[in-house]
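Sequential numbering of the sequence shown, starting at 264, is according to our numbering.
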Amino acid sequence: MIPFSVLDLSPIQKGKTATQALHNTLMLARHAEALDYKRYWLAEHHNMPGIACAATAIVIGYVAGGTKTIRVGAGGIMLPNHAPLVIAEQFGTLASLYAGRIDLGLGRAPGTDMMTARALRRDIADSAEQFPQDVRELQNFFAAPQPGQQIRAVPGAGLEVPIWLLGSSLFSAQLAAMLGLPFAFASHFAPDLMRQALEIYRSRFEPSAQLDRPYAILGANVLAADTDVEARRQFTSQQQSFINLRRGTPGQVPPPIDDIDTYWSPAEKAMVERSLAVSFVGSPDTVERGLSAFIRSARPDELMITAHIHDQSARLRSLELVSNARKNMESNAHEHGNAPREAAATAKR
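Below, the structure written as structure tokens:
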């Protein structure tokens, strides 16, 4: 059975504060660790009233310091917003403090609207186009220093912090294959190109010092509750948030509602259902069936689950039920005599 991991945006519940959201994030991370999830990633977003992890490296340090074994990382850092040296120093520091537990996922989108992107970057004309060069520069900062090298990441140099490329299109799939890096596809909000991106990444992959075989994570919205009805009700918080973002009115995470059809138009419903097509919402049995079929079909090496849930107790409960579903899938595979999947590729370091 493939590993399950968690992507968290540190959601700020309606009427609550960023302080409370960040405390909830640490509580959720500790819960994920106790349930044997493999990683806990946080994502860089800016100028978003409902997301508290804008200073992503700081939140990663907070989570890593409050846990013991789970890998903690960025899913991801929007590299065009930053100088590669700054990211190398930040994640070199994290890797020095929490050795063997830090992941650095990189994206090339702004993680915000264009006005905010200008405030972040000052000059955004060529920032996205520079992404491949910036990734290589970052790799060099994490490599062992060369004789005569005048600029070094301290700390960072020689630590070889694991780099992942993230994407919702084909660009990062091609780049990850060319550079021999692990790849994570954002199928939890942009599923249309998922299968094509996987095919490109796997077929064109070139082994590297970090990775000898392709390794792909797929994102999925997964929300489990005791009943289908309760799970679907909790999921309306994420649906409302998605609609609000597309309407240009992002806000704090709203509480669930009983009838989502009173909130969206038919066109908005179609847009949300297409964007969130890779979603598994329901009772433990419903979620288990959906995840089993998805994993058999898409064959990811790892699944990164996420859910924008308003109620913290529902978030904790969902992680527990999904963990149980994964164990059931593993047990059923053994009972039916299915051979274990070939071990996935791992970093050489």
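Glycine included, C-beta positions come from ideal geometry on N, C-alpha and C.
Straight through space, the alpha carbons of GLU551 and HIS597 are spaced by roughly 16 Å. Judged by beta-carbon spacing, GLU296 lies beyond the 8 Å limit of ILE265, meaning their Cβ atoms are not closer than that value. Residues GLY421 of the same chain have their beta carbon placed closer than 6 Å to that of ALA407, with the five preceding and five following residues left out of the count. Here SER431 is buried: its Cβ has 16 or more other Cβ atoms, across all protein chains shown, within 10 Å.
Put simply, the backbone Cα of PRO513 is about 12 Å away from that of GLN501.
Membership of MET290 in the alpha helix (DSSP H) is indicated by the continuous run 281-297. The beta-carbon distance between GLY313 and SER504, rounded to whole angstroms, is 6 Å. This is short enough to meet the 8 Å contact definition. Judged by DSSP secondary structure, ILE558 falls within the alpha helix (DSSP H) whose first and last residues are 547-561. If you keep only unbroken beta strand (DSSP E) runs of at least 3 residues inside the stretch 339-422, you get 365-370. In this structure LEU369 does not touch GLY324 by the C-beta definition: roughly 18 Å separates them, more than the 8 Å allowed. Ranked by Cα distance from PRO477, the options LEU508, SER528 and ALA439 are led by ALA439.
Scanning GLN413, GLY443 and SER435 for the CA closest to the CA of ALA449 turns up SER435. Collapsing the DSSP output to three states places ARG496 in a helix. Under the criterion of beta carbons closer than 8 Å, LEU486 and SER581 qualify as touching, at roughly 5 Å.
Apart from sequence neighbours up to five positions away, the residues of its chain that approach ARG495 with a beta-carbon distance below 8 Å are VAL544 and GLY545, ordered along the chain. In the DSSP secondary-structure assignment, GLU565 is bridged to ILE480.
Judged by beta-carbon spacing, GLY336 lies beyond the 8 Å limit of ASP299, meaning their Cβ atoms are not closer than that value. The beta-carbon distance between ASP397 and LEU342, rounded to whole angstroms, is 5 Å. This is short enough to meet the 8 Å contact definition. For VAL544, the secondary structure class from DSSP, reduced to helix, strand or coil, is strand. When the alpha-carbon of LEU508 is set against those of ASP491, MET534, ALA382 and HIS345, the nearest one is in MET534. Between the alpha carbons of GLN412 and ALA362 lies a distance of about 25 Å.
For LEU428, the enclosing beta strand (DSSP E) stretches over residues 426-430. Residue GLN497 holds the alpha-carbon nearest to the alpha-carbon of ASN484 among GLN497, LEU474 and ASP475. Taking 8 Å as the cut-off, the Cβ atoms of VAL269 and ILE568 count as close. Look at GLY324 here: in three-state DSSP terms it is helix. DSSP links GLN276 through a beta bridge to VAL516. With contacts defined by Cβ atoms closer than 8 Å, ALA453 and SER538 form a contacting pair. Remark: C-beta atoms of ALA488 and PHE446 do not approach each other more closely than 8 Å. Here DSSP, grouped into helix, strand and coil, assigns LEU433 to coil.
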